[in-house]
Every structure is written in structure tokens, then in C-alpha cells.
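Visitor: First, the structure itself, so that you have it in front of you.
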């Protein structure tokens, strides 16, 4: 592969800092990122347990599920999938590793999995917020005050959709992006 630096015989994403000893077999890890990821994972497990209790009561005890319960269920599935991907990255030992201590193939694998985790977590958050908006709208009912719920809900959903699209296209490889129609040299070389 052209353009990527080598450390020894291994292609890496970027060159290590000056004086840094690279160890591919036992790389140093960013412990702050690992602790933050662990904290998020623990909070997701707790929220999944609490949501599970809520869904159990709605579906099995009262047998009266509301729309927000279905939104919460869909959000839980997406959060569980996202956290599973992050857990796989932690178990494979690629989460928190500096990019100069990771072979290029592993870095691509990790960035693809983390992109998938982000693309699953964004709609999960949107579904959870939508469930809250549906609940508040049902509590308030059809009154003029309902617009104080519906307008922020619309802005929030649009923001999540835009953020998801930006995340998806910002992470596309350069080879996939369309080339400009005219190169800079062609614009001045062509006669009028």
C-alpha cells in the first residue's frame, strides 16, 4: 500500500511520535478510553435491566403496551447490538490501542466496527427520545401546550437523522467518494 508509513515491516496508519518504542505484541493502551468505555457499558447494562422490567410489566403483567414501549424495545435492541460490537473490540484487544501500534489491517477492522457501533447507537438514542416525546404527548393530550413537545421532537429527530447521515458519509473511504467533474488544470486550459 502506498502512502502509509512502516514501522519495521508493518504498515501502520500514522508514524509513532519521536522516541516512542513500538511494541505490536503488547501495545500500550489508552486507559482513559478503556475506563470510559467500561463505564458506558455498565450504564447500558443497568438501563437495559430497568427497561426490561418496564417492558415485562407492560407486555406480560398489564398486557397493555403503549407506543413508547415499542420504541424502547427497538432502542434496547440497537443499544445491545452497539455494546456487543464494542465488547468484541475490547475482547480482541484493539480498543484503546494507539494507531501507530496497530497494523493497518487491524486499524481498518477496528474503525469499521466502531463506525457500525456509532451507526447503531445514534438511532437507539433517537428512539429513546421519541419514546419520551410520545409519553409526554399522551400525558398532555391534544392541547395548545402539545406543540411544546411536538416541535422539539421534530427538531430532535431531524438532528439525529442528519447526524447519522453525516457520520455515515464522513467515514466513507476516499476511493468511494465521487471525483470532481473538472480538475483545477482543466478549468483554465479549456478554451471559451
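In our numbering, the protein residues as written are 318 to 509.
Positions of the beta carbon are idealized from the N, C-alpha and C atoms, including for glycine.
Source: prediction; values computed, not measured.
#1: Buried or exposed: which applies to residue 427, given that a residue is buried once 16 or more other Cβ atoms fall within 10 Å of its Cβ?
#2: Which residues does DSSP list as the beta-bridge partners of residue 324?
#3: If you count every other CB in all the chains shown that lies within 10 Å of the CB of residue 388, and 16 or more means buried, which is it?
#4: Return yes when the Cβ of residue 384 is within less than 9 Å of the Cβ of residue 478, no when it is not.
#5: Using the Cβ count rule (16 or more neighbours within 10 Å means buried), how would you classify residue 418?
#6: If you follow the alpha helix (DSSP H) that residue 379 is part of, which residue opens it and which one closes it?
#7: Quick check on DSSP: helix, strand or coil for residue 334?
#8: From 407, 434, 346, 425, pick the residue whose C-alpha is nearest to that of residue 397; which is it?
#9: Mind checking which residues open and close the alpha helix (DSSP H) that includes residue 484?
#10: Between which two residues does the alpha helix (DSSP H) holding residue 369 run?
#11: Under three-state DSSP, which class holds residue 420?
#12: Any idea which residues DSSP pairs residue 414 with across the strands?
Guide: Looking at the atomic coordinates:
#1: buried
#2: In DSSP, residue 324 forms a bridge with 327.
#3: buried
#4: no
#5: buried
#6: Premise fails: residue 379 is in no alpha helix (DSSP H) and is neither H nor E.
#7: Coil.
#8: 434
#9: 464-487
#10: 348-373
#11: strand
#12: 346
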